[in-house]
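Asks: After the C-alpha cells below, expect a handful of questions from me.
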Amino acid sequence: MLNTGEFPASAIGPELIALVISILMITGLLLLFPMFRYIRSAQRISDQKIKSQDLLLQETDHRMKNTLMLISSLVKLKLSALNTEKNVDLDLTEITRRSTRSAWYRKSSCRAEGTN
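Numbering follows our numbering, in which position 57 of the sequence shown is assigned residue number 57; successive positions increment by one, without gaps.
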C-alpha cells in the first residue's frame, strides 16, 4: 500500500472520514469562538450606550417640562398683575424677550458642553 503510492478504497473508511470532519469542525469552532466573544462584548457596549442615551433623553424631557411649567407660572403671575390693555402688550413682549433669552442661554451652554 505505501510502496505503490495508492490507497485502496477499503483504507479510507467512514470512521476516518468522520474523524477528519470532526477535527475540521472543532478547529472551526476554536477559530470562531473569539469572534463570538467580540460580537457579544460589542453588543453589550452598544446596549449600554442606548440605555445611557435613553436616560439622557428622559432627563432632558423632564427638564424641558419643568422649564415650560416655570414659564407658564411666570406668565400667570404677570397676567395677574396687569391692570390695563397697554400693560398687557408690554408685559407679553417682556415675557417673549425673557423666553428667547433663556433659549439662547440653553443653546450656548449646550455648545460649551459639546452637545447640540
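Note that the Cβ used here is the ideal one computed from N, Cα and C, for glycine as well.
Where do the N-terminal and C-terminal ends of the alpha helix (DSSP H) with residue 18 fall, by residue?
Replies: Along the sequence shown, one-based indexing puts residue 18 at 18. 14–80 is the extent of the alpha helix (DSSP H) around residue 18.
Asks: Give the straight-line distance between the Cα atoms of residue 38 and residue 101, rounded to the nearest whole angstrom.
Replies: For the purposes of this step, residue 38 is identified with residue 38 of the sequence shown, where counting begins at 1. For the purposes of this step, residue 101 is identified with residue 101 of the sequence shown, where counting begins at 1. Using only the alpha carbons, I get a separation of about 48 Å.
Asks: Considering only the beta carbon of each residue, do residue 94 and residue 78 sit closer than 9 Å?
Replies: Locating residue 94 in the sequence shown gives position 94, counting from the first residue. Locating residue 78 in the sequence shown gives position 78, counting from the first residue. Their beta carbons are under 9 Å apart, which means residue 94 touches residue 78 by this criterion.
Asks: Quick one, are the C-beta atoms of residue 98 and residue 74 less than 9 Å apart?
Replies: Your numbering for residue 98 matches position 98 in the sequence shown. Your numbering for residue 74 matches position 74 in the sequence shown. Yes, these two residues count as a Cβ contact at 9 Å.
Asks: Quick one: what's got a C-beta closer than 6 Å to residue 53's C-beta in the same chain, skipping five residues either side?
Replies: What you label residue 53 is simply residue 53 of the sequence shown in a count that begins at 1. Correct list: empty, nothing qualifies.
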